[in-house]
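Engineer: Per numbering that gives the first Met the number 0: the sequence shown = residues 0 to 509. Mind looking over this structure? Questions follow.
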Amino acid sequence: MKLLQRRQFMRGVFVPLIGLSTIAVTVSIACWLHFDCPEHLPVLSHAAEFFPEYYIFALGMNCTAYFMYDTARAHANALRRTMSGHFSFCYDAAITGTVASLCALSLFDSDKFFSMHVVSTIGFFFSSWLMLCLSHVGRLAMLRHAASAQNGVDQGKWCLIVGFLSALAFGYIYVARRWPTPTTHCVASESLSEILAVVCQLLYFATFHAHELTEEHVFLLMLRSAPTDADQESLILSIAEEDDSSDGNSSSASSEDSEDDSDDSDDELETKDSLGVVPLVLAIVVLVTCIGTVLWGCRHPRIDCKVDWPTVASAARFRPQSSLFTIGLVLSGLLSLTTLLLFHWHARITLVETSIATSATLVAGLVLVASMFAVAFWDSRSYSVSYTNGTIVLLNATLATIGGICLVRRRIVQKRASGHRLQRLQEELVIPEAFAVAATACFVAYAVANTCVNNPWMNPFGLFRPTHAAFAEYAAIVLAVSFGCTLRKELASLSDAVEQQYELMLRRTK
């Protein structure tokens with residue numbers, strides 16, 4: 000229970016933590032390298048136009064958008080208990096608009112994509128304030144069922160008031176500095192009002208999971224609704240009655256029947272859940288990014304696909320396909336991080352004891368995600384050495400993560416099953432492990448072909464061509480994504496596994 004409460008609380012804290020850190024680092028580096036502060040303190044859009052501020056701002060805001068979506072969606076589940084369907088639809092639309100516009104304004108800087116940046120900035124402020132206002136209305140309605148949430152609601156109220164006034168001041172100063180108005184303002188006042196408005200928005204997310212609200216969210220996650228004290232007492236009594244009846248029947252039951260019952264109970268965990276969609280969404284994003292980058296690159300004058308097909312890195316060297324590659328790889332990194340954390344959670348619940356294999360797999364996955372972010376922002380033309388090193392780390396981390404997942408899966412199957420069921424579950428692991436072996440072979444073929452084509456190694460008789468390296472890379476990506484899709488079974492059973500663990504905690508505390 001304490002672990003789940005800490006996880007729910009940290010979900011809300013990550014939004015202001017990452018967002019405020021990104022803003023502070025971006026503005027500090029901009030003042031240090033490019034601006035005369037505090038007289039000419041830049042707005043965030045101007046501070047993120049230069050190197051390396053752009054990459055820091057883009058990476059930080061995309062991570063903030065991810066945790067913002069995760070936090071808002073978790074809070075939306077609680078609001079559905081008290082609000083109507085139209086309210087939930089508007090709230091979900093506001094969440095989607097906020098996250099999409101935040102990703103767009105962070106990736107399309109105001110120097111090269113001025114119109115796109117302005118439109119996405121306006122969309123972000125409009126959708127974010129709509130989302131926060133709807134959230135506060137829902138929280139006020141929820142006070143009738145959970146009065147302990149009063150402290151979090153009061154904290155959020157002051158964040159809304161100060162932030163909204165700062166946003167109005169920013170809008171007025173922005174207009175006053177560009178069109179004739181009765182008053183004049185300096186750029187520092189515009190920057191401070193913008194930063195204060197954004198800071199208040201980020202801090203509001205931290206009030207979603209104050210201690211009073213955390214218990215409500217834990218009960219909602221485990222039992223699909225927040226029970227009262229009477230509900231908890233009746234649940235404990237029903238569990239006690241089940242224990243008594245099971246003790247009376249266990250003496251007359253045979254060992255074979257008990258083994259069949261345990262197998263059936265394990266099969267009940269393998270139910271469908273929305274978390275199983277995450278690997279599928281990851282696969283779609285990766286394939287759309289790679290296919291779109293390559294096909295868009297073939298239309299570039301310097302790439303002739305009739306002669307040789309380009310690798311994804313070669314196609315992403317030029318604009319505008321480089322922007323598609325960056326956006327897609329950042330989204331893929333965030334979805335990969337979500338998939339790995341959920342799989343690690345499932346493994347920890349199933350195996351109970353801490354395993355070196357699960358920890359090593361998590362570390363390899365984190366290195367994989369970090370290298371994906373690095374490759375996304377380092378194009379092979381401007382940062383060839385850094386991109387090459389990042390690609391090498393990405394390939395090795397991918398193979399290490401796939402191998403670790405296969406090992407953890409084997410241990411989970413050996414722990415949860417025996418006899419004929421163990422043999423059946425081991426046979427089900429053949430297809431994912433075949434994807435893993437084939438992906439490893441394609442990655443090795445890509446590395447050899449790419450090394451020979453670029454002349455570090457000999458290429459006797461012109462055996463390898465750029466097309467060979469490209470198609471080996473395509474096959475490796477497809478196989479790795481197919482292996483990731485097989486994780487949907489573990490992720491789909493995660494909610495039921497957590498509920499079973501929570502029920503076990505209630506049994507121990509009755």
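Beta carbons are placed, not taken as given, at the ideal position from N, Cα and C, and that holds for glycine. Keep in mind the model is a prediction, meaning the values are calculated, not measured.
Does DSSP put V306 in a helix, in a strand, or in coil?
Structural biologist: V306 falls in the coil class under three-state DSSP.
Engineer: Put Y382 into one of helix, strand or coil per three-state DSSP.
Structural biologist: Three-state result, Y382: coil.
Engineer: My output table needs one value for W157: the three-state DSSP class, helix, strand or coil.
Structural biologist: Note: W157 maps to helix in three-state DSSP.
Engineer: Would S320 be called buried (16 or more neighbouring beta carbons within 10 Å of its own) or exposed?
Structural biologist: It is Gln, not Ser, that sits at residue 320 in the sequence shown. Its Cβ being crowded by 16 or more others within 10 Å, Q320 is buried.
Engineer: For the alpha helix (DSSP H) that contains K488, what are its first and last residues?
Structural biologist: Residues 487 to 491.
Engineer: Tell me the start and end of each unbroken beta strand (DSSP E) in the stretch 301 to 375 that is at least 3 residues and wholly inside, in chain order.
Structural biologist: Whole beta strand (DSSP E) segments, 3+ residues: zero.
Engineer: For Q425, which residues of its own chain have a beta-carbon under 7 Å away from its beta-carbon, when the five flanking residues on both sides are left out?
Structural biologist: Once the five neighbours on either side are set aside, the close Cβ partners of Q425 are V412.
Engineer: Report the residue from T95, P465, S44 whose alpha carbon sits nearest the alpha carbon of C304.
Structural biologist: Closest option to C304, Cα to Cα, is P465.
Engineer: Can you tell me which of V311, T206, M60, V117 puts its alpha carbon nearest to the alpha carbon of Q154?
Structural biologist: When only C-alpha atoms are compared, the closest one is T206.
Engineer: For M221 and A479, what's the separation of their Cα atoms in angstroms?
Structural biologist: Because M221 carries a pLDDT of 41, less than 50, the predicted location of this residue cannot be relied on, and the following value inherits that uncertainty. Taking the straight line joining both Cα atoms gives about 32 Å.
Engineer: Which whole-angstrom value describes the C-beta separation of L393 and V374, a residue pair presumed to lie in contact below a C-beta threshold of 8 Å?
Structural biologist: About 6 Å separates the two Cβ atoms, so the contact holds.
Engineer: Please name the residue in G18, D495, T390 whose C-alpha comes closest to that of C199.
Structural biologist: C199 has its Cα closest to that of G18, out of G18, D495, T390.
Engineer: Start and end of the alpha helix (DSSP H) containing T206?
Structural biologist: Here T206 belongs to no alpha helix (DSSP H), and DSSP marks it neither H nor E.
Engineer: Should V285 and S354 be called a contact, given that it needs their Cβ atoms to be closer than 9 Å?
Structural biologist: In this structure, S354 does not lie closer than 9 Å to V285 by Cβ.
Engineer: Check whether the stretch 30 to 37 and the stretch 57 to 71 are in contact - that is, three or more C-beta pairs closer than 8 Å.
Structural biologist: With a cut-off of 8 Å, the stretch 57 to 71 and the stretch 30 to 37 do not count as touching, because too few Cβ pairs lie within range.
Engineer: Can at least three beta-carbon pairs, one atom from the stretch 343 to 351 and one from the stretch 106 to 117, be found at a separation below 8 Å?
Structural biologist: In short, these stretches do not touch, since the Cβ pair count stays below three.
Engineer: Might you give, ordered along the chain, the residues of its own chain that have their beta carbon closer than 6 Å to the beta carbon of L195, omitting 5 neighbours on each side?
Structural biologist: Contacts found: S165.
Engineer: Can you grab the Cα-Cα spacing for the pair A440 / A475, in whole Å?
Structural biologist: Their backbone Cα atoms lie some 8 Å apart in a straight line.
Engineer: Between which two residues does the alpha helix (DSSP H) harbouring W377 extend?
Structural biologist: Premise fails: W377 is in no alpha helix (DSSP H) and is neither H nor E.
Engineer: Is F123 closer than 9 Å to S100 when the C-beta atoms are compared?
Structural biologist: Yes, these two residues count as a Cβ contact at 9 Å.
Engineer: I'd like to know whether the C-beta atoms of G162 and L131 end up nearer to each other than 9 Å.
Structural biologist: Going by C-beta atoms, G162 is nearer than 9 Å to L131.
Engineer: Helix or strand or just coil, what does DSSP make of E38?
Structural biologist: The answer is coil: DSSP assigns E38 none of H, G, I, E or B.
Engineer: Given this structure, state the Cα-to-Cα distance separating R298 from V287, to the nearest angstrom.
Structural biologist: Approximately 17 Å between the Cα atoms of the pair.
Engineer: Alpha carbon to alpha carbon, how far is L525 from A399?
Structural biologist: Because the chain spans 0 through 509 in this model, residue 525 falls outside it and cannot be assessed.
Engineer: Taking C-alpha atoms, which residue in C62, D110, R301, L281 lies nearest to L201?
Structural biologist: For the residues C62, D110, R301, L281, the minimum Cα distance to L201 belongs to C62.
Engineer: How many Å lie between V311 and C158 at the Cα?
Structural biologist: Whole-angstrom Cα-Cα distance: 44 Å.
Engineer: Beta-carbon of W31 versus every beta-carbon of chain B: anything under 9 Å?
Structural biologist: The structure shown has no chain B; it contains just one protein chain.
Engineer: Of the residues A469, A168, L279, which one's Cα is nearest the Cα of F442?
Structural biologist: Comparing Cα positions, the closest option is A469.
Engineer: Take R408 as the anchor and find which of T337, G483, G296, D108 has the nearest alpha-carbon.
Structural biologist: Here the closest residue by C-alpha is G483.
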